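Engineer: Quick one: structure below, then a few questions.
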Amino acid sequence: MSIIQMKNSHVFRNYLTAIMIFIGISGCFSVLFGAWFAHAGANLPNEVQSRLANALQYQFFHTLALLTVAIWLQVLPGKHHAVKVINLLYLSASFFIVGILFFSGVLYIKTFFDFTVIGKIVPFGGISFALGWLCISWAGINSTLCTLSTDQDRL
46 MSIIQMKNSH VFRNYLTAIM IFIGISGCFS VLFGAWFAHA GANLPNEVQS RLANALQYQF
106 FHTLALLTVA IWLQVLPGKH HAVKVINLLY LSASFFIVGI LFFSGVLYIK TFFDFTVIGK
166 IVPFGGISFA LGWLCISWAG INSTLCTLST DQDRL
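The opening residue of the sequence shown carries number 46 in my numbering; numbering runs sequentially from there.
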């Protein structure tokens with residue numbers, strides 16, 4: 046399958062749409078929750094404030110990282126070599142989504158619903174964030190290698 050066919054495929058568009066919807070909802074929640082936290086959060090105990098601030102910060106940063114990945118997926122050149130890069134970017138997006146849900150989401154649930162057992166999932170969210178960043182790094186390496194091989198083909 047060529048990169049053009051892949052980008053035009055139903056699966057590619059649906060997954061990219063799902064990523065964009067998640068980005069919008071996560072970004073909106075980050076802003077609204079951040080505003081609430083800035084005003085009403087001052088009355089919470091320090092430990093709770095620290096946990097929520099950490100969850101909010103990680104959610105916001107990784108929502109922006111997801112947006113960057115989604116943009117990168119849109120602007121990749123239509124070259125056959127880019128298929129591996131696209132797959133790595135999708136994998137990165139998946140890891141970021143799992144990270145936001147398992148890290149930030151679980152911290153919110155643990156805090157607001159006093160459901161402490163669920164806190165054991167948080168490290169998996171952190172690992173997912175790290176794996177997402179590694180996938181971006183690997184995509185960058187592969188993108189550079191694709192560019193180098195294309196340049197050599199022209200010589």
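Idealized CB from N, CA, C, for every residue including glycine. Bear in mind the structure is a predicted one, so any value in this text is a computation, not a measurement.
Under 7 Å from any heavy atom of the ligand ZN, does the C-beta of Y135 make it?
Structural biologist: Summarising the ligand content, the structure contains no ligands, and the ligand ZN is consequently not present.
Engineer: Nearest to T189 by alpha carbon, out of V130, L146, V151 and G171?
Structural biologist: Here the closest residue by C-alpha is V130.
Engineer: Does the structure place the region 54-61 close enough to the region 97-106 that three or more beta carbon pairs sit under 8 Å?
Structural biologist: No, they do not touch.
Engineer: Do you know whose CA, among I70, I163 and F160, lies nearest F105's CA?
Structural biologist: Measuring from the Cα of F105, the nearest candidate turns out to be I70.
Engineer: List the whole-angstrom C-beta distance separating H107 from F141, where the pair is believed to meet the contact cut-off of C-beta under 8 Å.
Structural biologist: Right, the Cβ-Cβ distance comes to about 5 Å (below 8 Å), so this counts as a contact.
Engineer: Secondary structure at S173, three-state DSSP: helix, strand or coil?
Structural biologist: Three-state result, S173: helix.
Engineer: With burial defined as no fewer than 16 other Cβ atoms inside 10 Å of the residue's Cβ, what is the status of K155: buried or exposed?
Structural biologist: That one is buried.
Engineer: If the criterion is Cβ atoms closer than 8 Å, does the pair G170 and V151 meet it?
Structural biologist: Yes, they are a contact pair.
Engineer: Please work out which residues of its chain come closer than 8 Å, Cβ to Cβ, to I163, disregarding the five sequence neighbours upstream and downstream, and give them in chain order.
Structural biologist: Closer than 8 Å at Cβ, skipping near neighbours: V151, I154 and K155.
Engineer: Report buried or exposed for L77, applying the criterion of at least 16 other Cβ atoms within 10 angstroms of its Cβ.
Structural biologist: Its Cβ having fewer than 16 others within 10 Å, L77 is exposed.
Engineer: Would you tell me roughly how many angstroms separate the C-alpha atoms of A85 and K165, rounded to the nearest one?
Structural biologist: If you take the alpha carbons of A85 and K165, they lie about 27 Å apart.
Engineer: Using C-beta distances below 6 Å, list every residue in its chain close to S149, excluding the 5 sequence neighbours before and after it, in chain order.
Structural biologist: Hits under 6 Å: A100, Y103 and Q104.
Engineer: Leaving out five residues on either side along the sequence, give the residues of the same chain with a beta carbon under 6 Å from the beta carbon of V143.
Structural biologist: So the qualifying residues of the chain are S173.
Engineer: Note down the Cα distance separating R111 from G177, rounded to an integer number of angstroms.
Structural biologist: For clarity, residue 111 is Leu in the given sequence; the question names Arg instead. C-alpha separation (whole angstroms): 9 Å.
Engineer: Taking DSSP as the reference, what is the three-state secondary structure of I64?
Structural biologist: DSSP places I64 in helix when its eight states are reduced to three.
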